[in-house]
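Undergrad:
There are 2 protein chains.
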Amino acid sequence: MSDTGAAKRPPTIDDVLRLRAAEPLPSSDGRTEDGAARDGAAPPRIVEIARLAGVSPITVSRALRQPEKVAEAKRRKILEIVERTGYATNPHARALRSGHSNIVAAFVSNLQSQQFCLAVQGCGEVLEPQGYQLMIGQTSYSYAKETTMIQSLREMRPAAVMFTGVIEIEENRRALRALGIPIMETWAYPRDPIDMLVGFSNIDSGRFAAEHFAGRGYRRVAFIGRRSGRGALRLNGFREGARAAGLDIVAELSVDRVTSMVDGRRALAELLSGNAAIEAVFCANDLLATGALLEARRLGLRLPEDIAILGFGHSDVAEELPPGLTTIGIDSRDLGRQAGSMILQRMRGDMPAEPIRAIDLTLTHRGSS
Amino acid sequence: MSDTGAAKRPPTIDDVLRLRAAEPLPSSDGRTEDGAARDGAAPPRIVEIARLAGVSPITVSRALRQPEKVAEAKRRKILEIVERTGYATNPHARALRSGHSNIVAAFVSNLQSQQFCLAVQGCGEVLEPQGYQLMIGQTSYSYAKETTMIQSLREMRPAAVMFTGVIEIEENRRALRALGIPIMETWAYPRDPIDMLVGFSNIDSGRFAAEHFAGRGYRRVAFIGRRSGRGALRLNGFREGARAAGLDIVAELSVDRVTSMVDGRRALAELLSGNAAIEAVFCANDLLATGALLEARRLGLRLPEDIAILGFGHSDVAEELPPGLTTIGIDSRDLGRQAGSMILQRMRGDMPAEPIRAIDLTLTHRGSS
DNA sequence: TTGTAGGCGTTATCAA
DNA sequence: TTGATAACGCCTACAA
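In the order they appear, the protein sequences are chains A and B.
Counting along the first sequence from 1, when you hit position 21 you're at 21 in full-length UniProt numbering, and nothing is skipped either side.
Counting along the second sequence from 1, when you hit position 310 you're at 310 in full-length UniProt numbering, and nothing is skipped either side.
#1: Counting along the chain, where does the beta strand (DSSP E) carrying M196/B start and finish?
#2: Give the secondary structure of R85/A by DSSP, where H, G and I count as helix, E and B as strand, and everything else as coil.
#3: Helix, strand or coil for R216/A per DSSP?
#4: If you drop the 5 nearest sequence neighbours on each side, which residues of the same chain put their C-beta closer than 6 Å to that of I343/A?
#5: Spell out the partners DSSP gives I249/B in its beta bridges.
#6: For the stretch 159-178 of chain B, list every residue whose C-beta sits within 8 Å of some C-beta in chain A, in sequence order.
#7: Should I136/A be flagged as near chain B, meaning a C-beta pair shorter than 8 Å?
#8: Is the stretch 79-91 of chain B close to the stretch 281-299 of chain B, with three or more CB pairs under 8 Å?
#9: Output the boundary residues of the alpha helix (DSSP H) element that contains Q114/B.
#10: Taking 8 Å as the threshold (beta carbon to beta carbon), is G367/B in contact with chain A?
#11: Closest to R230/B by C-alpha separation, out of G215/B, D256/B, S98/B and E80/B, would be which residue?
#12: I need the DSSP call for L176/B, collapsed to helix, strand or coil.
#13: Run through chain B and tell me which residues come within less than 9 Å of M261/A, C-beta to C-beta.
#14: Using only the alpha-carbon positions, how far apart do S101/A and H92/A sit?
#15: Measure the Cβ-Cβ separation of I103/A and V120/A and say whether it is below 8 Å.
#16: Listing by chain order, which chain A residues have their CB less than 8 Å from the CB of E155/B?
#17: Can you tell which of R366/A, L363/A, Q338/A and A358/A has the C-alpha that lies nearest to the C-alpha of Q201/A?
#18: Label D204/A either buried or exposed according to how many other C-beta atoms from any shown protein chain fall within 10 Å of its C-beta, with 16 as the threshold for buried.
#19: Given D248/B, which residues of its chain have a CB within under 8 Å of its CB, disregarding the five upstream and five downstream residues?
#20: Pick helix, strand or coil for S28/A, following the three-state DSSP scheme.
#21: Would you call the CB atoms of G337/B and E125/B closer than 8 Å?
#22: What is the DSSP secondary structure of E354/A, reduced to helix, strand or coil?
#23: Indicate whether at least one CB of chain B lies closer than 8 Å to the CB of S101/A.
#24: When you compare the CB of L235/B with every CB in chain A, is at least one pair closer than 8 Å?
#25: What in chain B is Cβ-close to L96/A, meaning under 8 Å?
#26: Using a Cβ-Cβ cut-off of less than 7 Å, give me the residues of the stretch 64-78 of chain A that come near chain B, in sequence order.
#27: Could you check what DSSP says for E320/A in three-state terms: helix, strand or coil?
#28: Please state the DSSP three-state secondary structure of L335/A.
#29: Which residues in chain B have a C-beta closer than 8 Å to the C-beta of C117/A? List them in chain order.
#30: Is the distance from the Cβ of A292/A to the Cβ of I309/A below 8 Å?
#31: Just to confirm before moving on: does the CB-CB distance between T327/B and S315/B stay below 8 Å?
#32: According to DSSP, is Q345/A part of a helix, a strand, or is it coil?
#33: What residue from G122/B, E128/B, L118/B and T147/B has the CA that sits closest to S152/A's CA?
#34: Helix, strand or coil: how does DSSP classify V60/A here?
#35: Could you spell out where the alpha helix (DSSP H) holding E146/A opens and where it closes?
#36: Quick one: list the residues of chain B neighbouring Q133/A, beta-carbon separation under 9 Å, in chain order.
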């Protein structure tokens, strides 16, 4: 049925042919007298701008790329014509000749993660006004896919690459380095990033969690999370912090899947079915923590009196679920913005004074702990 | 602090210079004897493949693009060499010469929407294995941004464009049509899509909601949602359905912002503070519905006895929040996949028999209604 | 400060 | 079925 309220309309042959009819070229060069292109006409080329300005094409190119090298009056005239005609450089011709495009490749581990998307958005906010286009790809946490995508970069010739994560495979690290362009890694704090980094220590976040529990007077604590990747780092930090603060980690529950809250529900149920009396649980991410929180409420437990729950990720649902989830995390959009501006600086040829930046971890305290 | 546990390390000059050292070219043409490129070497070109195969470049090009036009033996040899050397066509040279790239532009209204991201993912799943790259942009529900991005397409020369929405501005519709490439609109069911459509009727979803309420025996119903865009369509359908089923719409609450659950909380609170006794509320999206559900529980209301709540969007949180949110929606990933395969068909030059496809709306019944 | 010459890597066109 | 030729639009290198 149609949104206009009419009965469902079978597509007519007109629908099918409409596109074919779209491109009549009324005048010889498809352009009005002032050089502005009309719909359906080929966009203006640099030679056209040059002709209108009475200069050579290379001068137009310079007026756009290195304005300081073109005489004031000419530059103004050229830019005015560019504006009027809506001229835009053909990015493919530029990439072909100059060897690099205006595309910045951004790889997220998972498009479903609000935090990763926020980081990419932040990065785009900085880069897009400068004429760069973000090309977003999803690695799906798969090394194979990561490798394929990194290989495809050789031909794409992006101006820079950014990841919501760090690259661990040495071969991929080498391939990226060999591109000779700015590479940004994020979301961790490795000893030796490929090129640039805006990250935070996952180990610290575990320590932070332990310290928080200690400060609130909990002694018998537990961990839920993955035993690989970032989860493992958070666990290591949690252990360290617990030892330092004299806490007992009475249980560590490893989950393989972290795809929905159900995984967190199950994990908490399993944890509670053990013998150890648990006062507080640190969940390595908010999806697990949210599931755990819901399960605790379903079981009629009071939070935080019967059990305290702490998550990681600053997810927005966390705020709304009574009694509110306490969560450790970063400002992902800010991470993206910082990454974007460092990338920008590098693309302009400057080396940032600090190619490695740390983002602050913060704890948002709510009712669950 | 570092994830390796070491103390925070100030970046050394090595960090800064590492990238500079990345590209030594040990042999004259930076390539091993079998033609395979090494890290840091320029990737092989089509002439190199042609030389190795003892044919002309154009034959290599044909072997890749129109294999049926190349003799069996030659084709096999060429493809074997392509495989061995890791040759990949330079996309910029191809785009420059042929006039179209392998990029498919995908515009989402909002990257934070899981449903939109799912649709884009589904589309990518179909297109990427065929060698197309998805370039994702965010319009932020802004006409200005939409217009800018559409203009930039003229130069990007994508192979196709997809939107999680429909284009309303006539100028943008014309600009898109003038690109002469497949255009895919989604998420609604307008009378006259630009080119292709995989959509569903937002009006129908409102009718569906009213019918559901009628079937469950609710009489006094209400609506929460935006008065513009899709929200307005859902309201129209809800009104129609209510009239047909003999329901009383005792309140229609318009919200301007739908950015967090808080908006839904507030809306329900406001609704309940009115005089009308309300039995059931249809919320135009799940974010609002989730907020409303939480608010109802906070107020100690029983769902669905004291108040029934119905959402739209099949969001995943909806499942987990007790007593479970009843929600109308579509399979977004499937929408994306269908869109992708129609786009693919068009890019290959075939016209799909049905350029307009309807996606089924389904209702997932849970405890809230 | 401006311009000339030429080529980036591929594919359209036409000829054989 | 294959190849020669030229051109896509721009920018690097060099010259004036």
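Glycine included, every Cβ here is placed at the ideal spot set by N, Cα and C.
TA: Taking the coordinates as given:
#1: The residue labelled residue 196/B in the question sits at position 196 within the second sequence. Here the beta strand (DSSP E) through M196/B covers M196 to G199.
#2: As a first step, residue 85/A must be located in the first sequence, where it is residue number 85. The sequence given here places Thr at residue 85/A; Arg does not occur at that position. Helix at T85/A.
#3: Stepping through the first sequence from its first residue, residue 216/A is reached at position 216. Here R216/A sits in coil by DSSP.
#4: Against the first sequence, residue 343/A aligns to sequence position 343. In the same chain as I343/A, and ignoring 5 residues on each side of it, the C-beta atoms closer than 6 Å to its own belong to A160, P182 and M184, in chain order.
#5: As a first step, residue 249/B must be located in the second sequence, where it is residue number 249. DSSP lists V221/B as partners of I249/B.
#6: R174, A175, R177 and A178
#7: By one-based count along the first sequence, residue 136/A stands at place 136. For I136/A, the nearest beta carbon of chain B is closer than 8 Å to its own beta carbon.
#8: no
#9: Translated into positions along the second sequence, residue 114/B becomes position 114. Unbroken alpha helix (DSSP H) run through Q114/B: Q114 to L127.
#10: For this step, residue 367/B is matched to residue 367 along the second sequence. Taking a beta-carbon distance threshold of 8 Å, G367/B does not count as an interface residue toward chain A.
#11: Position 230 of the second sequence, counted from the start, is the residue given in the question as residue 230/B. Per the Cα distances, D256/B.
#12: Locating residue 176/B in the second sequence gives position 176, counting from the first residue. Helix.
#13: Counting from 1 along the first sequence, the entry for residue 261/A is found at position 261. Those within 9 Å of M261/A in chain B are D316, V317, E319 and E320.
#14: For the purposes of this step, residue 101/A is taken as residue 101 along the first sequence, with counting starting at 1. For the purposes of this step, residue 92/A is taken as residue 92 along the first sequence, with counting starting at 1. Straight-line Cα distance between these residues: approximately 7 Å.
#15: Residue mapping note: residue 103/A aligns to position 103 of the first sequence, counting from 1. Residue mapping note: residue 120/A aligns to position 120 of the first sequence, counting from 1. No, these two residues do not count as a Cβ contact at 8 Å.
#16: Translated into the one-based positions of the second sequence, residue 155/B becomes position 155. The contacting residues are P43, A88, T89, N90 and P91.
#17: Numbered from 1 along the first sequence, position 201 holds the residue referred to as residue 201/A. Just to set this straight, residue 201/A is Ser in the shown sequence, not Gln. When only C-alpha atoms are compared, the closest one is A358/A.
#18: As a working note, residue 204/A is residue 204 in the first sequence. In the assembly as shown, D204/A is a buried residue. Its beta-carbon has 16 or more other beta-carbons within 10 Å.
#19: As a first step, residue 248/B is located in the second sequence; it is residue number 248 there, counting from the start. Excluding positions up to five away in sequence, the list reads R219, R220, V221 and A242.
#20: Position 28 of the first sequence holds residue 28/A. Caution applies to S28/A, whose pLDDT of 33 falls short of 50 and renders its modelled position unreliable; the model cannot decide the point.
#21: The residue you call residue 337/B lines up with position 337 of the second sequence. The residue you call residue 125/B lines up with position 125 of the second sequence. For clarity, residue 337/B is Arg in the given sequence; the question names Gly instead. Yes, these two residues count as a Cβ contact at 8 Å.
#22: Within the first sequence, the letter at position 354 stands for residue 354/A. Coil.
#23: Counting from one through the first sequence, the residue named residue 101/A turns up at place 101. At least one chain B Cβ lies under 8 Å of S101/A.
#24: Taking the first residue of the second sequence as position 1, residue 235/B is located at position 235. No, because no Cβ of chain A sits closer than 8 Å to the Cβ of L235/B.
#25: By one-based count along the first sequence, residue 96/A stands at place 96. The answer, in chain order, is N90, H92, A93 and L96.
#26: none
#27: As a working mapping, residue 320/A is identified with position 320 in the first sequence. In the structure shown, E320/A sits in a helix (DSSP, three-state: H, G or I).
#28: Along the first sequence, one-based indexing puts residue 335/A at 335. Three-state DSSP puts L335/A in a helix.
#29: Taking the first sequence and counting its residues from 1, the one referred to as residue 117/A is at position 117. What C117/A touches in chain B: L111, Q112 and C117.
#30: In the first sequence, counting from the first residue as 1, residue 292/A sits at position 292. In the first sequence, counting from the first residue as 1, residue 309/A sits at position 309. Yes; because the gap between Cβ atoms is below 8 Å, this pair is in contact.
#31: Residue numbering aside, residue 327/B sits at position 327 when the second sequence is read from its first letter. Residue numbering aside, residue 315/B sits at position 315 when the second sequence is read from its first letter. Contact: yes.
#32: Taking the first residue of the first sequence as position 1, residue 345/A is located at position 345. Q345/A: helix per DSSP, three-state reduction.
#33: The residue given as residue 152/A occupies position 152 in the first sequence. Nearest C-alpha to S152/A: E128/B.
#34: The residue labelled residue 60/A in the question sits at position 60 within the first sequence. Helix.
#35: Sequence index remark: in the first sequence, residue 146/A carries index 146 (1-based). Element bounds for E146/A: Y143 to M156.
#36: Taking the first sequence and counting its residues from 1, the one referred to as residue 133/A is at position 133. Ordered by position in chain B, the residues that pass the 9 Å Cβ test against Q133/A are M135, G137, S152 and M156.
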